[in-house]
Amino acid sequence: MTSSLVFPGYKLRELRFGGAVARYLEAGSGFPILLLHGVGPGTSCVGNFRFLLGPLSDRFHVFAMDLVGFGLSDRKPAPPYFDFDFWTRQGQSLLDRMPAGPVGILGHSLSGAIALRLAGANGRVAKVFTTGTVGTKYRLSSHLERLWTFPESRAELRAILSTIIHDTSRITDPILDERMEILTRGDYPAYFKAMFGPDKQKLMDSWALTQEELIRIKGRVLMLHGRNDLPCPAEETTLRLAPHLPSADIVLLGNCSHSPAVEYPDKLLAMAGSFFGE
Numbered sequence: 003m004t005s006s007l008v009f010p011g012y013k014l015r016e017l018r019f020g021g022a023v024a025r026y027l028e029a030g031s032g033f034p035i036l037l038l039h040g041v042g043p044g045t046s047c048v049g050n051f052r053f054l055l056g057p058l059s060d061r062f063h064v065f066a067m068d069l070v071g072f073g074l075s076d077r078k079p080a081p082p083y084f085d086f087d088f089w090t091r092q093g094q095s096l097l098d099r100m101p102a103g104p105v106g107i108l109g110h111s112l113s114g115a116i117a118l119r120l121a122g123a124n125g126r127v128a129k130v131f132t133t134g135t136v137g138t139k140y141r142l143s144s145h146l147e148r149l150w151t152f153p154e155s156r157a158e159l160r161a162i163l164s165t166i167i168h169d170t171s172r173i174t175d176p177i178l179d180e181r182m183e184i185l186t187r188g189d190y191p192a193y194f195k196a197m198f199g200p201d202k203q204k205l206m207d208s209w210a211l212t213q214e215e216l217i218r219i220k221g222r223v224l225m226l227h228g229r230n231d232l233p234c235p236a237e238e239t240t241l242r243l244a245p246h247l248p249s250a251d252i253v254l255l256g257n258c259s260h261s262p263a264v265e266y267p268d269k270l271l272a273m274a275g276s277f278f279g280e
C-alpha cells in the first residue's frame with residue numbers, strides 16, 4: 003500500500019478484528035512497545051508519532067497501530083463507530099500478537115485511557131506512558147467539540163489543529179497533507195460525522211476508568227500532559243487520575259497543548275527512551 007502513512011523503515015502488517023482489517027506498522031528490536039494514537043480529524047499513528055517512530059525503532063521493537071476507523075485501518079462495519087470498548091479490545095488483540103513477556107504501551111489522549119485499562123487487565127504490561135490522556139468524566143468544552151467537528155476545508159483543518167497545537171507555526175503543510183489524505187478518502191466525511199455524532203458528551207463519558215481498574219495497575223506509569231491543553235485539560239484528566247496511581251510520575255509541559263509528540267518530540271523521546279529503556 004502506497005501512502006504517506008506507511009513510515010520509512012517500517013513494515014505494514016494486518017490484523018483482522020471485529021469484522022475489519024486493522025493495520026499497524028512494525029520495526030526495530032528489543033523491548034516491545036505498542037503505540038496507540040488519539041482520535042480526531044485525519045488522525046493516525048504516523049500523524050500522531052511521526053517524529054518518534056524512527057528514533058524509537060532504533061532502540062525498541064515498535065508496533066504502531068491505527069485504530070479501526072482511522073489512518074490505514076478499515077472502518078468499523080456497523081455503528082457505533084466511536085467505540086471505546088471496541089478499540090480497547092483491538093489493542094488487546096495486538097498485544098496478543100506481540101512477543102511474549104513484558105511489554106510497554108505509549109497511548110495518546112483516548113488511547114492513554116485504553117493503555118491504562120489494558121495495563122489493569124494484563125500483568126504483562128510492565129510500563130505505560132500516557133500523553134494528554136483522558137479517562138475521567140468532565141464536561142464537553144467548545145475546544146473538544148471543535149476538534150471533533152469535520153473540517154470542510156484545509157483552512158478549517160488548520161484552524162481546528164490550532165486547538166491542539168499551542169505554537170501554530172508547527173502546523174506545517176506536510177501535517178495538513180497527511181490528514182487531508184485521510185479525510186478526503188471516499189465517503190469518509192460521512193463516516194466521521196456519524197462517528198462523532200450529536201451527543202459528544204456521551205462519547206466522552208464512555209472512556210471513564212473506574213477506581214478498581216486503576217488500582218489493578220501494577221506496572222510503572224509515566225503521565226505527560228501539556229499545561230495549555232485546551233480540549234483535555236490536565237486538571238480534568240491526568241491530575242484527577244493521579245491520586246489513584248500513587249506510584250505514577252507526572253510531568254506537565256509548559257507552552258504545550260494536546261500534541262506533545264508534535265510540539266516537543268525531543269523532550270518526549272528523552273523521557274520515552276529513559277522510561278522504556280530502564
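FYI, the numbering for the sequence shown is 3 to 280, going by our numbering.
We put the beta carbon where it would ideally sit given N, CA and C, even for glycine.
Predicted model, so just to flag it, every value in this text is computed and none were measured.
For residue 8, which of 21, 56 and 162 has the nearest alpha-carbon?
-> The residue you call residue 8 lines up with position 6 of the sequence shown. Comparing Cα positions, the closest option is 56.
Contiguous beta strand (DSSP E) assignments of at least 3 residues, all confined to the segment 218-273 = 222-228 and 251-255
Kindly identify the DSSP beta-bridge partner or partners of residue 13.
-> For the purposes of this step, residue 13 is identified with residue 11 of the sequence shown, where counting begins at 1. Looking at the DSSP output, residue 13 sits in a beta bridge with 28.
Can you list, in chain order, the residues of its chain whose CB lies under 8 angstroms from that of residue 4, leaving out five sequence neighbours each side?
-> Residue mapping note: residue 4 aligns to position 2 of the sequence shown, counting from 1. Reliability fails at residue 4, whose pLDDT of 47 lies under 50, so the model's placement of it is uncertain and no value is given.
Cβ-Cβ distance between residue 36 and residue 97 below 8 angstroms | Looking up residue 36 in the sequence shown gives position 34. Looking up residue 97 in the sequence shown gives position 95. Yes.
What's the call for residue 235, buried or exposed, on a 16-neighbour Cβ count within 10 Å?
-> Taking the first residue of the sequence shown as 1, we reach residue 235 at position 233. Per the 10 Å Cβ criterion, buried.
C-beta contact flag for residue 159 and residue 95 at 8 angstroms | As a first step, residue 159 must be located in the sequence shown, where it is residue number 157. As a first step, residue 95 must be located in the sequence shown, where it is residue number 93. Taking 8 angstroms as the Cβ cut-off, residue 159 and residue 95 do not qualify as a contacting pair.
Residue from 86, 103, 133 and 124 whose Cα sits closest to the Cα of residue 109 | As a first step, residue 109 must be located in the sequence shown, where it is residue number 107. Closest option to residue 109, Cα to Cα, is 133.
Cβ distance (whole Å) where residue 79 is taken to contact residue 22 below 8 angstroms | Reading the sequence shown from its first residue, position 77 is the one you call residue 79. Reading the sequence shown from its first residue, position 20 is the one you call residue 22. Correct: roughly 6 angstroms between the Cβ atoms.
For the putative contact between residue 38 and residue 107, defined by C-beta atoms under 8 angstroms, what is the C-beta separation to the nearest angstrom?
-> Sequence index remark: in the sequence shown, residue 38 carries index 36 (1-based). Sequence index remark: in the sequence shown, residue 107 carries index 105 (1-based). 7 angstroms between Cβ atoms; contact.
Exposed unless 16 or more other CB atoms sit within 10 angstroms - verdict on residue 186 = Counted from its first residue, the sequence shown places residue 186 at position 184. It counts as exposed.
So residue 252 packs on residue 46, CB below 8 angstroms; how close in whole Å?
-> Along the sequence shown, read from residue 1 onward, the residue named residue 252 stands at position 250. Along the sequence shown, read from residue 1 onward, the residue named residue 46 stands at position 44. The Cβ separation is near 27 angstroms, so there is no contact.
Would you check if the distance between the CB atom of residue 32 and the CB atom of residue 61 is smaller than 8 angstroms?
-> Against the sequence shown, residue 32 aligns to sequence position 30. Against the sequence shown, residue 61 aligns to sequence position 59. Yes, these two residues count as a Cβ contact at 8 angstroms.
Expressed to the nearest angstrom, what Euclidean distance is found between the alpha-carbon atoms of residue 166 and residue 74?
-> Residue mapping note: residue 166 aligns to position 164 of the sequence shown, counting from 1. Residue mapping note: residue 74 aligns to position 72 of the sequence shown, counting from 1. About 22 angstroms.
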